[in-house]
């Protein structure tokens, strides 16, 4: 090896080595996270609605070929004067595509705004559980949500708005009535329509999936449980199916189909059927590649079960996974063709009972409905809470699952306790809804959380890790305020103080609700009241900031000799 190559090698290795002397910092660059700009106001004048249901999400869509900027898509249920689902795209330097309609009709035009305004305040809203998943290789992204409370007595027609999927979603014999149904759609990075709206569910039948959804005519519902773009380009839809919510018809719905065709050995054939299902469609949603399939199976009974938590789907390289909070925590892994790899049932017990997965023998992990998941390469990550000895403060934690090269097995890896570099331990329990985990396509990951919840909606902290679990940064406060520890989110319940993250290549985006991190506008909401006099009692806004980090996976294919 020549001296020049030795110098180059040492320089590269020095840049790739994890940051070992770490401590929390109000200067992110000092611990390995270089800000690409100040706080960004993602959607000025807008506040997401019913935030406790996780009504906004963020994910990476890769680098724009022309600007060379890493971009991130935001999707949320808007509580501005226009109402309805909205989306926006940002980079480290600001907003690239300002707020626009989140879902569009078959011609690409908005059609939900009027319905959302008309139904605002009916049983607390008109839509919820917004989620997004980006594909950094194509720049496309998929979004999903529930549109609801468009019920009898509040009929909203959509004249001139062709939406074939709504035939599939009708919840009664009257036309254009939608009550609690999963709706999903796919777009390009510049927000152009790739697919029409998909209800994400198909039981094989003799007619088109938009004409015979195997739903009863009296009442039925579905819940958005997750969406993702698979590594082969197809779209994943994870749904909580409630096919016979009203119990009027005994021969329609996913549960009956599974029983009739022997897909699940034992099912409860009661009057109200609830079961987790998933499907895979082509990118344009015109073809169901994998028809409606049971996601989770109880190993004790052989039956399926339902879990209604959102944002529980993620796609790795050649596989995808979904999570349920049932039994303390269940993850199910499938190949892209829909065949099952493995289900891990009650994984908190495995972490607690298997030596070496947690720091101490009596330590525990605490799972909740809001725990998030993310995947990259052969790794799946689950955000959760950790307590030393089972009695100490709940701290931010990431559980790790590794899929083998043959896509035949899944191994649990030691948990990561993210705040172990703080000089003083937090005295407040972390809340499960105020943390998020996001992986880049090779499996490096970031975890973001609110530290010191208390009554102040504490400041947001993040930390980045290499795919091998070594830290790439120290814990750092994300806000660009002169004192980032003062960037708080008061006047919102703890489970409403959402934190979100996205990651691609070496660019990490962290987003959070803030009362003072951006110049908020106290604008009218869907009901006409200003933000400070409606849901939160404060002019809360959505802020985001993008950082560049050194991760070991960025160094590859270079000559050592």
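Numbering (the working numbering), first residue to last: 144 to 704.
From the three backbone atoms N, C-alpha and C, an ideal C-beta is built for every residue, glycine too.
All values reported here derive from a predicted model rather than from experimental measurement.
Does DSSP put residue i in a helix, a strand or coil?
| i | result |
| --- | --- |
| residue 619 | strand |
| residue 215 | strand |
| residue 500 | coil |
| residue 542 | strand |
| residue 492 | helix |
| residue 694 | coil |
| residue 250 | coil |
| residue 628 | helix |
| residue 234 | strand |
| residue 646 | strand |
| residue 342 | coil |
| residue 467 | strand |
| residue 453 | coil |
| residue 148 | In this prediction, residue 148 scores a pLDDT of 35, lower than 50, which makes its location untrustworthy; the coordinate-derived value is nonetheless stated afterwards. Correct three-state label for residue 148: helix. |
| residue 307 | coil |
| residue 365 | strand |
| residue 533 | helix |
| residue 676 | helix |
Could you tell me if residue i is buried or exposed, where buried requires 16 or more neighbouring beta carbons within 10 angstroms of its beta carbon?
| i | result |
| --- | --- |
| residue 515 | buried |
| residue 705 | The question about residue 705 has no answer here: the residues shown for the chain are numbered 144 through 704. |
| residue 305 | exposed |
| residue 686 | buried |
| residue 376 | exposed |
| residue 483 | exposed |
| residue 534 | exposed |
| residue 611 | exposed |
| residue 566 | exposed |
| residue 503 | exposed |
| residue 172 | exposed |
| residue 452 | buried |
| residue 688 | buried |
| residue 450 | buried |
| residue 203 | buried |
| residue 209 | exposed |
| residue 447 | buried |
| residue 519 | buried |
| residue 280 | exposed |
| residue 505 | exposed |
| residue 445 | exposed |
| residue 547 | exposed |
| residue 627 | buried |
Leaving out five residues on either side along the sequence, give the residues of the same chain with a beta carbon under 7 angstroms from the beta carbon of residue i.
| i | result |
| --- | --- |
| residue 406 | 437 |
| residue 338 | 328, 329, 426, 427, 428 |
| residue 421 | 379, 380, 381, 382, 436, 438, 465 |
| residue 499 | 557 |
| residue 478 | 461, 462, 484, 550 |
| residue 240 | 231, 232, 333, 334 |
| residue 532 | 503, 505, 506 |
Could you tell me if the beta carbon of residue i falls within a distance shorter than 7 angstroms of some heavy atom in the ligand NAD?
| i | result |
| --- | --- |
| residue 287 | Looking for the ligand NAD in the displayed structure turns up nothing, as the structure carries no ligands at all. |
Which residues in the same chain have their Cβ closer than 8 angstroms to the Cβ of residue i, if we skip the five residues on either side of it in sequence?
| i | result |
| --- | --- |
| residue 615 | 161, 162, 175, 587, 607, 608, 609, 692, 693, 694, 695 |
| residue 243 | 229, 230, 231, 334 |
| residue 537 | 509, 528, 529, 530, 572, 573 |
| residue 481 | 423, 432, 433, 436 |
| residue 560 | 502, 529, 538, 539, 540 |
| residue 217 | 185, 186, 199, 200, 201, 230, 231, 232, 233, 275, 654, 685, 687 |
| residue 497 | 555 |
Considering only the alpha carbon of each residue, which of the options lies closest to residue i?
| i | options | result |
| --- | --- | --- |
| residue 468 | 487, 502, 244 | 487 |
| residue 664 | 655, 674, 421, 670 | 674 |
| residue 432 | 254, 441, 373, 256 | 373 |
| residue 183 | 473, 510, 652, 333 | 652 |
| residue 250 | 336, 369, 222 | 336 |
| residue 191 | 237, 682, 248 | 682 |
| residue 690 | 658, 654, 672 | 654 |
| residue 224 | 273, 341, 189, 595 | 189 |
| residue 521 | 666, 476, 627 | 476 |
Leaving aside the five residues before and after residue i along the sequence, list all residues of the same chain whose C-beta is less than 6 angstroms from its C-beta, in chain order.
| i | result |
| --- | --- |
| residue 384 | 365, 397, 418, 420 |
| residue 581 | 517, 589, 644, 645, 646 |
| residue 277 | 202, 203, 204, 216, 284 |
| residue 697 | 649 |
| residue 511 | 575 |
Quick one: does residue i have its CB under 8 angstroms from some CB of chain C?
| i | result |
| --- | --- |
| residue 520 | This model lacks chain C altogether; it includes just one protein chain. |
Practice task
Please go through the segment 565-605 and give each complete alpha helix (DSSP H) segment of 4 or more residues, from N-terminal end onward.
Solution key: Within the segment 565-605, not a single complete alpha helix (DSSP H) segment reaches 4 residues in length.
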